[in-house]
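Student:
2 protein chains.
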Amino acid sequence: MAIAVDAMGGDSPLAVQIEAAVRAIRDFAIEVVLVGAEDQISKTLKQHSYDQHKLRIVNSTEIVEMNESPAQALRQKKNSSIRVAVDLVKAGEAEAIVSAGNTGASMAIAKFVFKSIEGIERPAIATLMPSVHRNHPFVLLDIGANTDCKPLYLLQFALMGDAYARTYLHLENPRVALLNNGEEEGKGYLELKETYDLLKQSTLNFAGNIEGKSMFRDRVDVVVCDGFVGNIALKVAEGTFDFVRSVLREEVKSSLLSKLGYLAMKGPFRALGERADYSEVGGAPLLGVNGVVIICHGNSKVHTFRNAIKHAQECAEQKLNDIIAGEVLENLEVINQAKSLNEEE
Amino acid sequence: MAIAVDAMGGDSPLAVQIEAAVRAIRDFAIEVVLVGAEDQISKTLKQHSYDQHKLRIVNSTEIVEMNESPAQALRQKKNSSIRVAVDLVKAGEAEAIVSAGNTGASMAIAKFVFKSIEGIERPAIATLMPSVHRNHPFVLLDIGANTDCKPLYLLQFALMGDAYARTYLHLENPRVALLNNGEEEGKGYLELKETYDLLKQSTLNFAGNIEGKSMFRDRVDVVVCDGFVGNIALKVAEGTFDFVRSVLREEVKSSLLSKLGYLAMKGPFRALGERADYSEVGGAPLLGVNGVVIICHGNSKVHTFRNAIKHAQECAEQKLNDIIAGEVLENLEVINQAKSLNEEE
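If you read the protein sequences in the order shown, they are chains V and E. Whatever position you read off the first sequence (first residue = 1), add 821 for my numbering. Whatever position you read off the second sequence (first residue = 1), add 821 for my numbering.
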């Protein structure tokens, strides 16, 4: 079955998505449905040669702007490219969605149309982060919009992150940790202490609290936090990387020797960039809705977007959502306990 | 007047503190009081030559352990080195304190003995962070233990960070920003939106919200967040730096050329390390109590600890706490508004 691609989202609609789709059907055993303005898509497609059996177009007449409010996009744009793509999957005509459009709107529309997986209150966005150990990334979630850090939600994020690590990273028993300001039990504010207790009781392989520094080194597989903290962590890592690159580029100019050294180190620098950049993987999954949705950065490159299409297919084929639903079922008791905490607060 | 040095705190008590004190009185116009076990201090001091007029010892009989609870240290160890040092300043016999001991205990004891500055509810710990612009660090606070993000506290952190940037960084009109998950007004959870409104009304040069990535580049001078988020931001930056160093060291081994390049780039790498490492500055100020306290890492090196002694003297001489008190007075109206928000919640 095909992957629905929102052709109109992102900073460079049509161009990136169409080239990525053409490459995906060439490189993988994948079919794609491009959703967007049919005439524009057809026109752009003429620049490419591709297997017409593996690519079709579904027309949509509206576009959700990048800065549009999710609520408005949901209510008023029922023929937007992302909405039509989601409806296609809901109708069973495609198996997953990739979009580089307005993230909030994609989340709202996916949640509205697909509904949440039974037992999951808040969908979350997960991303892979690099560790110092080669080929050993970890899953960080939520990096989405859930700034609410209730233990119930954090517990559900942990279950979803675990399911994603099992299916997509093929880990048998992922080590799940809670991002905190110290490693000892009892660290952090009340909600984190409560979450710690819940995670201990769950079926998860809970590795306890982890700090923002040691998560890059301690061989954990899933790191759980609320969406605000996840956003800060992700952006600070990007900013530090940017700092290192910027300062080295400047300092290298100080002597001819170091300029030559910089050239000689091209290989290691490239390797560093590749090991740091998990956009290579292609997008971030929206976890917790009854449908597979892969979210890409608005400024994603063709290569990343192509990989995101593959990523979507793998999550769908490996029945990620069934694994999540199974983990929820196995943890109903602790989820109910978290719900009663929720009501007390 | 002298700086009181807690000689018994940190991972290597006595050794680091005593050598740092000897160097500080040699390198700067500074006097030091070493507070700790007098016999042990005297014995260690015999290995050094120094101006005896600039260094004296005050005995203390107890030690606060690194993992001891702050409440217990405060109640039960009235003759600990940190407590005696704080009491010396309170009695006017020293003008500031430097400690690498148990941070929570130092905070609790300082708050108890000195009391908070009028109008400040929660003392905070500030640190300098590097930006991509040479010699343009920014102040990040709170990185201490305040995991509570009430708008009242965040407003007070902003005022204290501003005062610190004015006095210690000699900035005339620091740009103060609020760490958030987006730059637009209205981002973040309710408390952050309320804080945004308060900061807009304050006398501060408020630059709006800032993201975790752009704070390293956008020429802001003070970045305000609660202590949990500050801890995560600081540790993630350290972890990313550690990641870069670790991966480059590994990748460099792949070829002789890149090994040679690495050697040739020693200068730029050293410069990067120096520009990233604000421990050079020496410690982090505890802001908001009626006394100057500089907190050092437990594992601080002699050079850092020496600089922390200088740092303490500068904060005391520049009357940092008077500047904080002045900023509070100028912002009484908005502080009262924040207090009424506090009561509603």
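Idealized CB from N, CA, C, for every residue including glycine.
Cβ of V:R847 within 8 Å of Cβ of V:Y871?
Tutor: As a first step, residue 847 of chain V is located in the first sequence; it is residue number 26 there, counting from the start. As a first step, residue 871 of chain V is located in the first sequence; it is residue number 50 there, counting from the start. With respect to the 8 Å criterion, V:R847 and V:Y871 are classified as neighbours on the basis of their beta carbons.
Student: Going by DSSP, which residues form a beta bridge with V:A825?
Tutor: Residue mapping note: residue 825 of chain V aligns to position 4 of the first sequence, counting from 1. V:V854 and V:I918.
Student: Please state if the CB of V:V907 and the CB of V:K898 are separated by a distance shorter than 8 Å.
Tutor: What you label residue 898 of chain V is simply residue 77 of the first sequence in a count that begins at 1. What you label residue 907 of chain V is simply residue 86 of the first sequence in a count that begins at 1. No, Cβ-Cβ distance for V:K898 and V:V907 is not below 8 Å.
Student: Opposite V:I1031 in the DSSP bridges: which residues?
Tutor: For the purposes of this step, residue 1031 of chain V is taken as the residue at position 210 of the first sequence. V:I1031 pairs with V:L1000.
Student: I need the DSSP call for E:S1023, collapsed to helix, strand or coil.
Tutor: What you label residue 1023 of chain E is simply residue 202 of the second sequence in a count that begins at 1. Coil at E:S1023, not helix or strand.
Student: So is V:H957 buried or exposed if we call it buried at 16+ other beta carbons inside 10 Å?
Tutor: As a first step, residue 957 of chain V must be located in the first sequence, where it is residue number 136. Exposure of V:H957 is indicated by the presence of fewer than 16 other C-beta atoms within 10 angstroms of its C-beta.
Student: Anything in chain E within Cβ reach of V:G913, meaning under 9 Å, just list it in chain order.
Tutor: Along the first sequence, read from residue 1 onward, the residue named residue 913 of chain V stands at position 92. Simply none; closest approach about 36 Å.
Student: V:V953 lies in the alpha helix (DSSP H); which residues open and close that run?
Tutor: By 1-based counting over the first sequence, the position of residue 953 of chain V is 132. Here V:V953 belongs to no alpha helix (DSSP H), and DSSP marks it neither H nor E.
Student: Below 8 Å, how does it come out for the region 926-945 of chain V and the region 962-974 of chain V: are there three or more Cβ pairs, yes or no?
Tutor: When Cβ pairs closer than 8 Å are counted between the two stretches, the region 926-945 of chain V is seen to touch the region 962-974 of chain V, the count reaching three or more.
Student: With V:N1142 as the anchor, note down where its alpha helix (DSSP H) starts and where it stops.
Tutor: On the first sequence, position 321 is the one that residue 1142 of chain V refers to. Segment L1141 to E1151, the alpha helix (DSSP H) holding V:N1142.
Student: In its own chain, which residues sit with a C-beta less than 7 Å from the C-beta of E:G1119, not counting the 5 before and 5 after it?
Tutor: Counted from its first residue, the second sequence places residue 1119 of chain E at position 298. Cβ within range, chain order: G831, D832, M887 and A921.
Student: Counting only Cβ pairs nearer than 7 Å, list the residues of chain V close to E:A1054.
Tutor: Counting from 1 along the second sequence, the entry for residue 1054 of chain E is found at position 233. Simply I1053 and V1057.
Student: Relative to the C-alpha of E:M1036, which candidate in V:D1063, V:D983, V:K864 and V:P1089 has its C-alpha closest?
Tutor: On the second sequence, residue 1036 of chain E is found 215 positions in, with the first residue counted as 1. Of the candidates V:D1063, V:D983, V:K864 and V:P1089, the one whose C-alpha sits nearest the C-alpha of E:M1036 is V:D1063.
Student: Got a sec: which bits of the region 894-911 of chain V sit with their beta carbon under 7 Å from any beta carbon on chain E, in order along the chain?
Tutor: none
Student: Do E:K1131 and E:A845 count as a contact pair if the criterion is CB distance below 8 Å?
Tutor: Position 24 of the second sequence holds residue 845 of chain E. Position 310 of the second sequence holds residue 1131 of chain E. Cβ distance < 8 Å, so E:A845 and E:K1131 count as in contact.
Student: Could you list which residues in chain V have their beta carbon closer than 8 Å to that of E:L1154, in chain order?
Tutor: In the second sequence, counting from the first residue as 1, residue 1154 of chain E sits at position 333. Residue identity check: residue 1154 of chain E is Glu in the sequence provided, not Leu. Per Cβ cutoff of 8 Å: no residues; E:E1154 is ~29 Å from chain V at best.
Student: Name, in chain order, the residues that DSSP records as bridge partners for V:G946.
Tutor: For the purposes of this step, residue 946 of chain V is identified with residue 125 of the first sequence, where counting begins at 1. Gly is not the amino acid found at residue 946 of chain V; the sequence shown has Ile there. Beta-bridge analysis with DSSP links V:I946 to V:L1107.
Student: With E:L1013 and E:L999 assumed to form a contact (beta carbons below 8 Å), what rounded beta-carbon distance in angstroms separates them?
Tutor: Here the question's residue 1013 of chain E lines up with position 192 in the second sequence. Here the question's residue 999 of chain E lines up with position 178 in the second sequence. With a Cβ gap of about 7 Å, E:L1013 and E:L999 count as contacting.
Student: Starting from the beta carbon of E:R1096, find every residue of chain V whose beta carbon is closer than 7 Å, and list them in chain order.
Tutor: The residue you call residue 1096 of chain E lines up with position 275 of the second sequence. Here the neighbours are V1068.
Student: Using the C-alpha atoms, what's the distance from E:L949 back to E:S1099?
Tutor: Along the second sequence, one-based indexing puts residue 1099 of chain E at 278. Along the second sequence, one-based indexing puts residue 949 of chain E at 128. It should be pointed out that residue 1099 of chain E corresponds to Tyr in this sequence rather than to Ser. Near 6 Å, if we compare the C-alpha coordinates of E:L949 and E:Y1099.
Student: For chain V, is any of its Cβ atoms less than 8 Å away from the one on E:F1049?
Tutor: Residue numbering aside, residue 1049 of chain E sits at position 228 when the second sequence is read from its first letter. So, interface residue.
Student: Have a look at E:Q1139, E:T865, E:E889 and E:L1055 and flag the residue whose alpha-carbon is nearest the alpha-carbon of E:D963.
Tutor: The sequence position of residue 963 of chain E within the second sequence is 142, counting from 1. Checked all of E:Q1139, E:T865, E:E889 and E:L1055; the closest Cα to E:D963 is E:L1055.
Student: Please work out which residues of its chain come closer than 8 Å, Cβ to Cβ, to E:Q861, disregarding the five sequence neighbours upstream and downstream, and give them in chain order.
Tutor: Counting from one through the second sequence, the residue named residue 861 of chain E turns up at place 40. Within the same chain, E:Q861 has close Cβ partners L835.
Student: Just to make sure I have the definition right: I need the residues of chain V whose C-beta is within less than 8 Å of the C-beta of E:D1063. Which are they?
Tutor: For the purposes of this step, residue 1063 of chain E is taken as residue 242 along the second sequence, with counting starting at 1. Residues of chain V passing the Cβ test: V953, K1034, F1037 and R1038.
Student: Show which residues of chain E have a CB atom less than 8 Å away from the CB atom of V:V1073.
Tutor: Taking the first sequence and counting its residues from 1, one reaches residue 1073 of chain V at position 252. By Cβ distance, chain E contributes M1086 and P1089.
Student: For E:L876, report the span of its beta strand (DSSP E) as first-last.
Tutor: As a working note, residue 876 of chain E is residue 55 in the second sequence. Taken as a continuous stretch (DSSP letters only), the beta strand (DSSP E) holding E:L876 covers L876 to N880.
Student: Tell me, please, whether the CB atom of E:G1060 is closer than 8 Å to any CB atom in chain V?
Tutor: The count along the second sequence starts at 1 and reaches residue 1060 of chain E at position 239. Cβ-Cβ to chain V under 8 Å: yes for E:G1060.
Student: Should E:V1045 and E:G965 be called a contact, given that it needs their Cβ atoms to be closer than 8 Å?
Tutor: As a working mapping, residue 1045 of chain E is identified with position 224 in the second sequence. As a working mapping, residue 965 of chain E is identified with position 144 in the second sequence. For E:V1045 and E:G965, no; Cβs fall outside 8 Å.
Student: Can you tell me whether DSSP reads E:V885 as helix, strand or coil?
Tutor: Residue mapping note: residue 885 of chain E aligns to position 64 of the second sequence, counting from 1. E:V885 falls in the coil class under three-state DSSP.
Student: Kindly indicate which residue of E:S1075, E:A1105 and E:L1093 has the alpha-carbon position closest to the one of V:A1189.
Tutor: Because chain V is modelled from 822 through 1166, residue 1189 of chain V falls outside the range shown and cannot be assessed.
Student: In whole angstroms, what is the alpha-carbon distance linking V:L1025 and V:V879?
Tutor: In the first sequence, counting from the first residue as 1, residue 1025 of chain V sits at position 204. In the first sequence, counting from the first residue as 1, residue 879 of chain V sits at position 58. Each residue's alpha carbon lies about 42 Å from the other.
Student: Look at the Cβ atom of V:L909, then the Cβ atom of V:A915, and state whether they are nearer than 8 Å.
Tutor: Here residue 909 of chain V refers to the residue found at position 88 of the first sequence. Here residue 915 of chain V refers to the residue found at position 94 of the first sequence. One thing to note: V:L909 has its Cβ within 8 Å of the Cβ of V:A915.
Student: Determine the DSSP secondary structure at E:I964, reduced to helix, strand or coil.
Tutor: For the purposes of this step, residue 964 of chain E is taken as residue 143 along the second sequence, with counting starting at 1. Coil.
Student: Helix, strand or coil: how does DSSP classify E:I1115 here?
Tutor: In the second sequence, residue 1115 of chain E corresponds to position 294, counting from 1. Note: E:I1115 maps to strand in three-state DSSP.
Student: Candidates V:K911, V:A929 and V:A858: which alpha carbon is nearest V:S890's?
Tutor: The sequence position of residue 890 of chain V within the first sequence is 69, counting from 1. Among V:K911, V:A929 and V:A858, the Cα nearest to that of V:S890 is on V:A929.
Student: Alpha helix (DSSP H) containing V:V843: first to last residue?
Tutor: The residue you call residue 843 of chain V lines up with position 22 of the first sequence. Here the alpha helix (DSSP H) through V:V843 covers A836 to D848.
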